[in-house]
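Peer 1:
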Amino acid sequence: MPINSDLQLASSYIATFGAGVAAILAFLDRRDSVLSDRIRKETRERLSELEARIVRLESKHDEARNIALDGVMETTEPQAKDRFKRIAQVLD
Numbered sequence: 002m003p004i005n006s007d008l009q010l011a012s013s014y015i016a017t018f019g020a021g022v023a024a025i026l027a028f029l030d031r032r033d034s035v036l037s038d039r040i041r042k043e044t045r046e047r048l049s050e051l052e053a054r055i056v057r058l059e060s061k062h063d064e065a066r067n068i069a070l071d072g073v074m075e076t077t078e079p080q081a082k083d084r085f086k087r088i089a090q091v092l093d
């Protein structure tokens, strides 16, 4: 085989190999992009769920504190009044 033919064959192999590497890198880039998008979407959904849960917990916290303050105002028994005060302090 002439040297020129060997160079063309080697060049062809290198070009094919380069195209294969480029295809693999493009595939990996696309896969990473899809995974990144999926993670962002799932994170946003989970964050929304957690924010809604926090709002519900804050509402229950306020409700419990109001019940404790009502107990302080309405009870005449000193021990019960002290317990309600401690509960209100913990919830503050």
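Numbering (this note's numbering), first residue to last: 2 to 93. Glycine included, C-beta positions come from ideal geometry on N, C-alpha and C. If you're wondering where the values come from, they're calculated on a predicted model, not measured in any experiment.
In the DSSP assignment, find the alpha helix (DSSP H) that holds residue 83 and state where it starts and stops.
Peer 2: Numbered from its first residue, the sequence shown carries residue 83 at position 82. Run containing residue 83: 79 to 92, per the alpha helix (DSSP H) assignment.
Peer 1: How would you call residue 53, buried or exposed, if buried means at least 16 neighbouring beta carbons within 10 angstroms?
Peer 2: Along the sequence shown, read from residue 1 onward, the residue named residue 53 stands at position 52. Exposed is the call here.
Peer 1: Applying the criterion that 16 or more other CB atoms from any shown protein chain within 10 Å of the CB defines a buried residue, is residue 85 buried or exposed?
Peer 2: In the sequence shown, counting from the first residue as 1, residue 85 sits at position 84. By the 10 Å Cβ count, residue 85 comes out buried.
Peer 1: Might you give, ordered along the chain, the residues of its own chain that have their beta carbon closer than 7 Å to the beta carbon of residue 29, omitting 5 neighbours on each side?
Peer 2: Stepping through the sequence shown from its first residue, residue 29 is reached at position 28. There are no such residues.
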